[in-house]
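Chains as they are written, first to last, in our numbering: chain G, 5 to 972; chain F, 7 to 91.
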């Protein structure tokens, strides 16, 4: 069955070119006139159902005619080239466009999830939090996320980056309605350089349909005259452009023409003064069934009639709490729609409305002190129930096919923090002459702020619709059990019942109500629902609205295409890449590279296996049997020099650097001020007053700042006397090649030359020697990251390749990070998964380092009693009890002492030497080595029984590493 | 009301006014003469004056002591950290 209903709507005289274009909606073809939006064309074709709500999947139609539209969001295009969540009232159709409704499966008419809701009423606020907690939220997450909200993501990123423009002006005016135009006139007449921003494709705001006269001209003619004057005065006008946010000196505006991403632009503007004249957004009134397709805001109906000649229905009931409804009714009637009744909630209408008498004489029921209680009908409205407010049980039924509602206007206050001046409807001036005057004054004052002094000229004078004389009215009376059909936020299905539930649960503040119920969190961002929700909360609490206020608005204030936010920072331009001196060699020798921070490092070499797992094992096995080399140039290197260098390092390391002898090095650990381990590395003493500290690759930039900070941070007591020290980042001045394995001495001598033979032979563990390689500085440090006899070569980047190729020729083949990880877990060496900012030196088994007497950053706080409790974690080794099962990092460890986890697995590898899965973990101290716990990992490897062992799985005595075997 | 307060720039004593994206915030300072524990966990809570440590990381790398008024968002003073006050 088609959505088309030839009875529902037609078009009257039109302002747009009568040229047909074709488009499709949910697979069906429709015709539109050029200039139509998706909303106007579908309405003109009799389509009312345009989407389903996010939570209850209720069929929905259009509520609004702007970006505040909560229901009619479409996916445009064919997968994978789709753009989701495009607002139908803003989407200007182009020939052949394919549109799809959202939140429904398999079709808009028949949605499976909506049937789930049909049986037993709705799932109220908090339902998810309370229901899907056993055994855990994770169990349901995927299903719920699939059912939950809005359109699917595109399959490809095919949008071109936006144009980005930087500009400055004297006066920036947001909004080109009557107030904004008047402000632009005033500022431009004063000689200011003015920019006028308007989110609609045309200027004028409500002058588009309001019967108005300004300076003796009809509204439309005044706009034309004003635009001519603004053009003469070089005012730049940006239509289709929305201000998204910013700070007081930088405003970000976004241009998206035709309501869809394509030729977008981002403007970064620096105005000297800003006027916000963005008007006000009409809000609905909550009544039972107010979400049926056919319930629309009065402004929206007027806009569809005035701009597109579309009649939104045939028999209307208007429901409002102000005088403007009568003027609107007269215009809609003149447009050919039949008005059945005007339901006014106030006790009296203004005596000054002769219009009301005319409307009554033309046969329209004009009822005061009355409210629409509910809509009736199936998917389509067939009528409304109304009742006097002082006798809500005297219910009458009126037949109609549409209900137009207006509960007043909510000022578009989102930009207030950036703006200096507010004008027009946003400032509460809802009458035309007041808005013009307010705008003109604001524009003139803004020009004054921008340094302009010529303030001649007078504000335009005009008259249009009367002041609304609004009486607050938020929701119609209802039986409490029907409050779950009184919708406040249509997009997120937040009802009066939800707001009541939130208050009953103790969520008193409007921000908490928002988060509990999801009020105003969707793309409409509370534009129609925010103040309405706050009004109802105030009523339910019995507080004045001024005490409740609305929740805070946050940028971006309208939905913004992600490609515009990303700008040029996509693909290769997302972030810089750092390459080591051997990058080219790795690439041409089959290395699979992996990003590590900004660096690229070989993960494994394809010659050693088809995938990371097999290649890693092969490379690690070869290091243990023969040896190997790895490019460790990414290691952070910081040179510390000066008479106070030793004293300075003593202050920032847990153990003393001042006791290191020249030519020796030491494994050292940094603490944070709160006592947690920050980083570890080897510190070399190059001279009495010169050290080289190595820091973790991933931490290098942060560690440099850390070093620099304690050079000048006088709050730290022992640092206050230290001045003669300098800290220099030498990371990129030195490449590092780590050479490991029993043949490494032999290979080194072969490559470096015979003069190094004796030097290398004499190096004991943690010694280093300096000398020359091909005439350039080189350091050879005997230190091991693999547990093998190993050396670290620090050489100049220009000569790294020669050294590397020499070592390869000498029989030492390269290995990657995958193998390095196997080697270090076998030996229980730490990386960032153990040094995670939550572990103390005691937790990591560094008690020996703490014993050394040294006053350093973080030491005082190590004495806190909680650091020594039995529940603190301790680093342990792990292996499967059965000697063969696999378990993975991230698994929770569950022991016999308590049902909740006692720790977690930090690293695991398959050890080719031990021929089993081994790991490291952090486990509460009340578990001892030899205990058996379960590695619980339901989503991956399941449930493995693991044994707690020493973290050093291989060669605990260190015999391999300390090997004194002489070079041949 | 003017836009003279440059809230998206900080004036580095070496480099002059530079965009905020060049700087990294480190912390709000503790009360003077704080114990090591207070140094980590206590902060001065003054709505009109916040004393903070920042680094001009993507510039000259100076560490700075920045006095800000959190209520207005304006920057009051910037000094080199460790220099005599």
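No residue lacks a Cβ here, since even glycine has one placed at the ideal position from N, Cα and C.
- Contact list for residue 43 of chain F against chain G, beta-carbon separation under 7 Å: One-based indexing of the second chain puts residue 43 of chain F at position 37. Here the neighbours are 865.
- Kindly indicate which three-state DSSP category residue 209 of chain G falls into: helix, strand or coil? Locating residue 209 of chain G in the first chain gives position 205, counting from the first residue. DSSP places residue 209 of chain G in helix when its eight states are reduced to three.
- Query: Which whole-angstrom value describes the C-beta separation of residue 209 of chain G and residue 181 of chain G, a residue pair presumed to lie in contact below a C-beta threshold of 8 Å?
  - Reply: For the purposes of this step, residue 209 of chain G is taken as residue 205 along the first chain, with counting starting at 1. For the purposes of this step, residue 181 of chain G is taken as residue 177 along the first chain, with counting starting at 1. Confirmed, about 3 Å.
- Query: Thinking just about the alpha-carbon of each residue, which of G/190, G/164, G/536 and G/374 is nearest to the one in residue 442 of chain G?
  - Reply: Your numbering for residue 442 of chain G matches position 438 in the first chain. Considering only alpha carbons, the answer is G/190.
- Query: How about residue 60 of chain F: is its C-beta nearer than 8 Å to some C-beta of chain G?
  - Reply: If you number the second chain from 1, residue 60 of chain F lands on position 54. Not closer than 8 Å to any Cβ of chain G, the Cβ of residue 60 of chain F fails to qualify, so no.
- What three-state label does DSSP hand residue 825 of chain G in the structure shown? Position 821 of the first chain, counting from 1, holds the residue named residue 825 of chain G. Helix.
- Query: Of all the CB atoms in chain G, is at least one closer than 8 Å to the CB of residue 46 of chain F?
  - Reply: In the second chain, residue 46 of chain F corresponds to position 40, counting from 1. Yes, residue 46 of chain F counts as interfacial toward chain G.
- Item | Integer Cβ distance of residue 414 of chain G from residue 334 of chain G, believed to fall under 8 Å | Numbered from 1 along the first chain, position 410 holds the residue referred to as residue 414 of chain G. Numbered from 1 along the first chain, position 330 holds the residue referred to as residue 334 of chain G. Going by Cβ atoms, the distance from residue 414 of chain G to residue 334 of chain G rounds to 25 Å, so no, they are not a contact pair.
- Task: Please list, in chain order, all residues of the same chain as residue 945 of chain G whose beta carbon is under 6 Å from its beta carbon, the five residues on each side excluded.
- Result: As a first step, residue 945 of chain G must be located in the first chain, where it is residue number 941. Correct list, in chain order: 890, 891 and 892.
- chain F within 8 Å of residue 736 of chain G, Cβ atoms only: Taking the first chain and counting its residues from 1, the one referred to as residue 736 of chain G is at position 732. No, residue 736 of chain G does not count as interfacial toward chain F.
- Item | Local conformation of residue 222 of chain G per DSSP, three classes | Within the first chain, the letter at position 218 stands for residue 222 of chain G. Residue 222 of chain G: strand per DSSP, three-state reduction.
- Quickly, what does DSSP pair residue 18 of chain F with across the bridge? List them, please. By 1-based counting over the second chain, the position of residue 18 of chain F is 12. Paired residue(s): F/22.
- Beta-carbon proximity list for residue 86 of chain F, same chain, < 7 Å, skipping 5 on both sides: Taking the first residue of the second chain as position 1, residue 86 of chain F is located at position 80. Here the set comprises 19, 68 and 70.
- Task: Taking the CB atoms as reference points, tell me whether residue 642 of chain G and residue 733 of chain G lie closer together than 8 Å.
- Result: Residue mapping note: residue 642 of chain G aligns to position 638 of the first chain, counting from 1. Residue mapping note: residue 733 of chain G aligns to position 729 of the first chain, counting from 1. Yes; because the gap between Cβ atoms is below 8 Å, this pair is in contact.
- Report the rounded CA-to-CA distance for residue 31 of chain F versus residue 867 of chain G, giving the unit in angstroms. On the second chain, residue 31 of chain F is found 25 positions in, with the first residue counted as 1. On the first chain, residue 867 of chain G is found 863 positions in, with the first residue counted as 1. Taking the straight line from one Cα to the other gives about 29 Å.
- Query: So what does DSSP say about residue 519 of chain G, is it helix, strand or coil?
  - Reply: The residue labelled residue 519 of chain G in the question sits at position 515 within the first chain. Looking at residue 519 of chain G - three-state DSSP - the assignment turns out to be helix.
- Message: Measuring CB atoms only, is the segment 624-631 of chain G touching the segment 587-602 of chain G, in the sense that at least three cross pairs come out at less than 8 Å?
- Response: no
- Message: Alpha carbons only, please: which of G/683, G/67 and G/172 is nearest the one belonging to residue 239 of chain G?
- Response: Here residue 239 of chain G refers to the residue found at position 235 of the first chain. It is G/172 whose Cα lies nearest to the Cα of residue 239 of chain G.
- Query: For residue 36 of chain F, which of F/47, F/83, F/23 and F/65 has the nearest alpha-carbon?
  - Reply: Reading the second chain from its first residue, position 30 is the one you call residue 36 of chain F. Residue F/47 is the option with its Cα nearest to residue 36 of chain F.
- Exposed or buried, which one is residue 31 of chain G when buried takes at least 16 other CB atoms within 10 Å? Taking the first residue of the first chain as position 1, residue 31 of chain G is located at position 27. So residue 31 of chain G ends up on the exposed side.
- Message: Between residue 14 of chain F and chain G, is the shortest Cβ-Cβ distance under 8 Å, so that the two count as touching?
- Response: Taking the first residue of the second chain as 1, we reach residue 14 of chain F at position 8. Residue 14 of chain F counts as touching chain G.
- Any chain G beta carbon closer than 8 Å to residue 82 of chain F: Within the second chain, the letter at position 76 stands for residue 82 of chain F. So, not an interface residue.
- Interface residues of the segment 64-77 of chain F facing chain G [CB-CB below 8 Å]: 67 and 69
- Task: Determine the closest residue to residue 738 of chain G out of G/711, G/748 and G/698, with distance taken between C-alpha atoms.
- Result: Numbered from its first residue, the first chain carries residue 738 of chain G at position 734. Considering only alpha carbons, the answer is G/698.
- Using 10 angstroms around the beta-carbon of residue 83 of chain G, count the other beta-carbons present and answer buried if the total reaches 16, otherwise exposed. As a working mapping, residue 83 of chain G is identified with position 79 in the first chain. It counts as exposed.
- Flag this pair as touching only if the segment 270-278 of chain G and the segment 158-168 of chain G have three or more C-beta atom pairs under 8 Å; answer yes or no. yes
- Message: On the criterion of 16 or more Cβ atoms from any shown chain inside 10 Å, does residue 797 of chain G qualify as buried, or is it exposed?
- Response: On the first chain, residue 797 of chain G is found 793 positions in, with the first residue counted as 1. It is buried - the Cβ of residue 797 of chain G has at least 16 other Cβ atoms within 10 Å.
- Please state if the CB of residue 432 of chain G and the CB of residue 216 of chain G are separated by a distance shorter than 8 Å. Translated into positions along the first chain, residue 216 of chain G becomes position 212. Translated into positions along the first chain, residue 432 of chain G becomes position 428. Contact: no.
- Item | Residue of G/459, G/818 and G/715 minimising C-alpha distance to residue 742 of chain G | To locate residue 742 of chain G, count along the first chain from 1; it is residue 738. Among G/459, G/818 and G/715, the Cα nearest to that of residue 742 of chain G is on G/818.
- Query: Using the beta-carbon count (16 or more within 10 Å), is residue 293 of chain G buried or exposed?
  - Reply: One-based indexing of the first chain puts residue 293 of chain G at position 289. Buried, by the Cβ-count rule.
- Message: Let's test the definition: count the other Cβ atoms within 10 Å of the Cβ of residue 54 of chain F and tell me whether it reaches 16, buried, or not, exposed.
- Response: For this step, residue 54 of chain F is matched to residue 48 along the second chain. Exposed, since its Cβ has fewer than 16 Cβ neighbours within 10 Å.
- Message: Between the alpha carbons of residue 318 of chain G and residue 342 of chain G, how many angstroms are there, rounded?
- Response: Taking the first residue of the first chain as 1, we reach residue 318 of chain G at position 314. Taking the first residue of the first chain as 1, we reach residue 342 of chain G at position 338. Going from the Cα of residue 318 of chain G to the Cα of residue 342 of chain G covers about 6 Å.
- Message: 8 Å is my cut-off, CB to CB: does residue 55 of chain F come that close to chain G?
- Response: For the purposes of this step, residue 55 of chain F is taken as residue 49 along the second chain, with counting starting at 1. So, not an interface residue.
- Item | Of the residues G/603, G/588, G/607 and G/258, the one placed nearest residue 597 of chain G, counting alpha carbons only | Taking the first residue of the first chain as position 1, residue 597 of chain G is located at position 593. Closest option to residue 597 of chain G, Cα to Cα, is G/607.
- Message: Between the alpha carbons of residue 677 of chain G and residue 851 of chain G, how many angstroms are there, rounded?
- Response: As a working mapping, residue 677 of chain G is identified with position 673 in the first chain. As a working mapping, residue 851 of chain G is identified with position 847 in the first chain. C-alpha separation (whole angstroms): 18 Å.
- Message: Nearer than 7 Å: is that true of the beta carbon of residue 454 of chain G relative to any heavy atom of the ligand GTP?
- Response: Inclusion of the ligand GTP in the displayed structure is not the case, the ligand content being empty and no account of it being possible.
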